[in-house]
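Student: The numbering used here applies: residue 2 is where the sequence shown begins, and numbers increase by one. Handing you this structure, nothing more for now.
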Amino acid sequence: MGSVDYRLFKIKETAIVQFFVTDAFKQLVELHVLKGLDFSEVYDSAFTAEKEEEQERNYQAALDFIERNKGIEVSYDEARFLMEQEKVVASGKWRMQLDENGELWLANLTAFSMA
């Protein structure tokens, strides 16, 4: 029995439906100028240990920058007090504030794009 060339596949164990394709499939789509597909690389076979170490150094440098420039830190109770004074409290990508009815709103500021 000959080998099968799977160019389009999915992984059953993932919680959401995602399809994965090979470079050969992507090249066929591009060759025939098919529209409507968005390819995002999720695995790079050329990703070396050196590249991984560089990526880790860059990630650590970004964390260090955030730590040096984070501003004042307050406890949750202090943050709640500030919100009761009609202030907005932010931490990284998160923002908390009370609306006009005193309901707490928690927002992830990176969850959507204004594009």
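Cβ coordinates follow ideal geometry from the N, Cα and C atoms, glycine included. Note that this is a predicted model, so its numbers are computed, not measured.
Suppose only complete runs of 3+ residues qualify. What are the beta strand (DSSP E) ranges in the stretch 32-103, listed by chain order?
Tutor: If we require 3 residues or more, the beta strand (DSSP E) runs fully inside the stretch 32-103 come out as 90-92 and 95-99.
Student: Based on the DSSP output, what are the partners of L107 in its beta bridges?
Tutor: Note: L107 sits in a beta bridge opposite M97.
Student: Out of curiosity, what's the CA-to-CA distance linking L99 and L107?
Tutor: Taking the straight line from one Cα to the other gives about 9 angstroms.
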